[in-house]
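Take a look at the structure set out below.
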Amino acid sequence: MRKELKGRRIAVLATDGFEKVELTIPVAALRSGGAAVDIVSLHSGTIRGVNLHKPANKVDVTKTVSEANPADYDAMLVPGGFINPDMLRQSAEARDFVRAFDSANKPIATLCHGPWVLASAGLLEGRVLTISRD
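Residue 160 in this note's numbering is what sits at position 102 of the sequence shown, and the numbering runs on without skipping anything.
Right under this line is the structure:
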């Protein structure tokens, strides 16, 4: 049974270097399903995506990690690419943000290299990660 997204708030934790399709497509799907989506980042303003190794679109940041309250969200998405998760996992604030979702037993979805953030936050022990191969 598919759960309704209407009324749900989703935090998308991302910074410069996110893989464009790994942020824009899930965000569009979440919004299409009725969820309110905030782009939460290390800095305010805009963040630039990449398309493989080439610069791609910019996305407006809704809140910084220091402004966002994990209690305000129902779930989190961490898009991949190889730059975005690497930058996020080096941030103590981002690691604490992810840990707060885990402590509250809220769903955390990651794509591509996104699990690096979870690993750096110490959240992978005893867990199974899945991989999809096309």
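We put the beta carbon where it would ideally sit given N, CA and C, even for glycine.
Asked, Found
"Pro173 beta carbon less than 7 Å from that of Glu80", "no"
"Buried versus exposed, by CB contacts within 10 Å (16 or more), Thr100", "Correcting the residue type first, residue 100 is Leu in the shown sequence and not Thr. Its Cβ being crowded by 16 or more others within 10 Å, Leu100 is buried."
"Presumed contact (8 Å Cβ cut-off) between Val108 and Ile141, rounded CB distance", "7 Å"
"Neighbour flag for Asp132 against chain D, beta carbons, 7 Å", "The structure shown contains no chain D; it holds only a single protein chain."
"Cβ shell of Asp130 (< 7 Å), same chain only, five flanking positions each side left out", "Arg67"
"Inter-residue spacing [alpha-carbon to alpha-carbon] between Ala93 and Ala87", "9 Å"
"Inter-residue Cα distance where the pair is Leu71 and Cys170", "14 Å"
"Burial state of Lys78 (16 or more Cβ within 10 Å)", "buried"
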